[in-house]
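Novice:
There are 2 protein chains.
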Amino acid sequence: MRALVIVAHGSRRASSNDEVRALVDLMRPQATGFDLVQCAFLELAEPSIPDGINAAIAAGAREVVVLPYFLSAGRHVVEDIPGFVTQTQQQNPQVPIRIAPYLGTASELPQTLLNLAK
Amino acid sequence: MRALVIVAHGSRRASSNDEVRALVDLMRPQATGFDLVQCAFLELAEPSIPDGINAAIAAGAREVVVLPYFLSAGRHVVEDIPGFVTQTQQQNPQVPIRIAPYLGTASELPQTLLNLAK
Chain A
1002 MRALVIVAHG SRRASSNDEV RALVDLMRPQ ATGFDLVQCA FLELAEPSIP DGINAAIAAG
1062 AREVVVLPYF LSAGRHVVED IPGFVTQTQQ QNPQVPIRIA PYLGTASELP QTLLNLAK
Chain B
1002 MRALVIVAHG SRRASSNDEV RALVDLMRPQ ATGFDLVQCA FLELAEPSIP DGINAAIAAG
1062 AREVVVLPYF LSAGRHVVED IPGFVTQTQQ QNPQVPIRIA PYLGTASELP QTLLNLAK
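Going down the list, the sequences are from chains A and B. Quick note, in the numbering used here, the first sequence goes up one by one and the last residue is 1119. Quick note, in the numbering used here, the second sequence goes up one by one and the last residue is 1119.
1) Chain B partners of Ala1032/A, CB-CB under 7 Å?
2) How far does the alpha helix (DSSP H) with Phe1085/A in it reach, from first residue to last?
3) May I ask which residues mark the beginning and end of the beta strand (DSSP E) holding Ala1041/A?
4) Does DSSP classify Val1021/B as helix, strand or coil?
5) Can you tell me whether Phe1097/B is helix, strand or coil according to DSSP?
6) Three or more C-beta pairs under 8 Å: does that hold for the region 1002–1010 of chain B against the region 1051–1067 of chain B?
7) Could you please give me the residues that DSSP links to Pro1069/B through a beta bridge?
8) Please tell me whether Pro1069/B and Leu1104/B are closer than 8 Å, where the distance is taken between their beta carbons.
9) Figure out for me which residue from Val1038/B, Asn1055/B, Glu1044/B has the closest Cα to the Cα of Pro1111/A.
10) So, with DSSP's three-state summary, where would you put Ser1049/B?
11) Since Pro1111/B is in the alpha helix (DSSP H), which residue starts that stretch and which ends it?
12) Could you tell me which chain B residues have their CB closer than 7 Å to the CB of Met1028/A, listed as they occur along the chain?
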């Protein structure tokens, strides 16, 4: 069983966090290759990254992919998220946890932006 | 002549701003319908939003589309960017300036994220 955890920054605005939850809801029906898709937040919203990963493992995940929903390779992507993942990996050595490339690296972004502009 | 201005938050990390500039470079060859594609930053980097729009107009743009490179409808998207656009519109009443939907609303995002996760 394979889980995908989309990690967003988190916001004081509940509506911004709900946007991430709605996105994950849209992903689930399309998520071939993943039995479980959920979100987690670096800060300001729940679940935290460790809680999100641990929930996936508790639900039966035997492999977890963490995907940073971030546009640039700032401190959050380079240090904070890997830090939480390493910590959670140490608590769960039996489940491989991998970090996927962050959203800002997606090759589809130029065309996606052009579609929005039209 | 139609211009597209991609507005990012801006960062103290030069590399994060350069990621936006590189993205815009990737967009240019694909940007059918736009004669000019450039970036601007809400804060912490140059050009500012007014400077970016004014540069497009100075280069000959007769219509400008501003696209917020943001993932959620927080204060920056709801208030700050429209504020700068209104101010610049007032200074240039002859050139229509339109704000496109922000990146977080793109219907391609679920599949883009799933592609990154694989």
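Where a beta carbon is used, it is the ideal one built from N, C-alpha and C, also for glycine. As the structure is a computational prediction, the values presented were derived from the model and not from experiment.
Specialist: Looking at the atomic coordinates:
1) Leu1115
2) Segment 1082–1092, the alpha helix (DSSP H) holding Phe1085/A.
3) It spans 1037–1042 - the beta strand (DSSP E) in which Ala1041/A sits, taken as one unbroken run.
4) helix
5) Here residue 1097/B turns out to be Pro, not Phe, going by the sequence shown. Residue state for Pro1097/B is assigned as coil, using DSSP reduced to three classes.
6) Output reads yes: the region 1051–1067 of chain B touches the region 1002–1010 of chain B.
7) Val1008/B
8) yes
9) Val1038/B
10) strand
11) 1110–1118
12) Pro1111, Leu1114, Leu1115
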